[in-house]
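Asks: Structure provided below as structure tokens; questions to follow.
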Amino acid sequence: MPSSRKPARANRVVELDHPLVKDHLTRLRDVQTPPDEFRRLVSRLTWLLAIEATRDLRLRRRPVDTPLARYDGHEIAGRVGLVPILRAGLGMVDPVLTLIPDAEVWHLGVYRDEATHQPVEYYNKLPTARPVDVALILDPMLATGGSILAALAMLRDWHVPTVKVLSIISASEGVRTVSSQFPETSIYTCGIDSKLNAHKFIVPGLGDAGDRQFNTLPRGEK
Ligand code: PRP
13 MPSSRKPARA NRVVELDHPL VKDHLTRLRD VQTPPDEFRR LVSRLTWLLA
63 IEATRDLRLR RRPVDTPLAR YDGHEIAGRV GLVPILRAGL GMVDPVLTLI
113 PDAEVWHLGV YRDEATHQPV EYYNKLPTAR PVDVALILDP MLATGGSILA
163 ALAMLRDWHV PTVKVLSIIS ASEGVRTVSS QFPETSIYTC GIDSKLNAHK
213 FIVPGLGDAG DRQFNTLPRG EK
């Protein structure tokens, strides 16, 4: 008997291949880039990521009157949730909200313990009912993948049917880890670097996206 269940959607790892992405990501990596410019670059790269990640959003009909005639147009159907991982994901919220003004924003607090490199959850007010239709996890960095896995587990508890990860820079190791544990989740990233160093930092990477956005690098590292 044919099953009425929809087949689980296959995971996609999309590394953006675009001259603007390469140009902006190189500036973001540059240790000389100051925090205000770093924030602007995060914002622009997030726009580019969001455009790719929302390519398959559902639409519904929205007829409108232009000054000249009736037009059979469209609007986004369903609820979209943005899930920034504090704190570095905060810089990715406004650019996506510019594109999807009606999106809901659900913050998650997760930081990576410096000694163990394991994710530590410290803020989660996700409801347990009425999940959004699509959730976009926003975090500029996917290193070991531990923080994204923690966020994905929280969203699974909320039963969100479609979850996508938007990460500006990723490590191949972390991408593999997330893909194997959440095979239905797609990952959109501007660049995948091959290495993690002994401190589990992405190499060459761009340093710490939270500290560089918010100008909190320890003295001597600025
Ligand atoms: C960074 C980054 C990710 C995480 C990536 O956050 O923004 O959330 O580490 O590492 P992972 O893939 O190995 O988990 P951090 O812990 O520095 O917190 P912050 O955003 O408050 O700076």
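The working numbering applies: residue 13 is where the sequence shown begins, and numbers increase by one.
Just so you know, even glycine gets a beta-carbon here, dropped at the ideal spot from N, CA and C.
Note that this is a predicted model, so its numbers are computed, not measured.
#1: For the region 186-193 and the region 166-173, state whether three or more C-beta atom pairs, one from each stretch, are separated by less than 8 Å.
#2: Cβ of Ser159 within 7 Å of any heavy atom in ligand 1?
#3: Spatial neighbours of His119 within its chain, please: C-beta separation below 7 Å, excluding the five flanking residues on both sides.
#4: Would you mind stating whether Arg74 and Gly85 have Cβ atoms separated by less than 8 Å?
#5: Is it the case that the CB of Gly219 approaches a heavy atom of ligand 1 more closely than 7 Å?
#6: For Val43, tell me which candidate among Thr228, Ala89, Leu218 has the shortest Cα-Cα distance.
#7: Using DSSP bridges, identify the partner residues of Leu94.
#8: Taking Val43 as part of the beta strand (DSSP E), name the residues at either end of that continuous run.
Replies: Result, derived from the coordinates:
#1: With the cut-off at 8 Å, the region 186-193 and the region 166-173 do not touch.
#2: At least one heavy atom of ligand 1 sits closer than 7 Å to the Cβ of Ser159.
#3: Apart from the 5 residues on each side of it in sequence, His119 sits with its Cβ closer than 7 Å to the Cβ of Pro96, Leu98, Tyr135 in its chain, given in chain order.
#4: Yes, the pair counts as a contact, with Cβ atoms nearer than the cut-off.
#5: No, the beta carbon of Gly219 sits no closer than 7 Å to any heavy atom of ligand 1.
#6: Comparing Cα positions, the closest option is Leu218.
#7: Partner(s): Val117, Leu148.
#8: No beta strand (DSSP E) contains Val43, which DSSP labels as neither H nor E.
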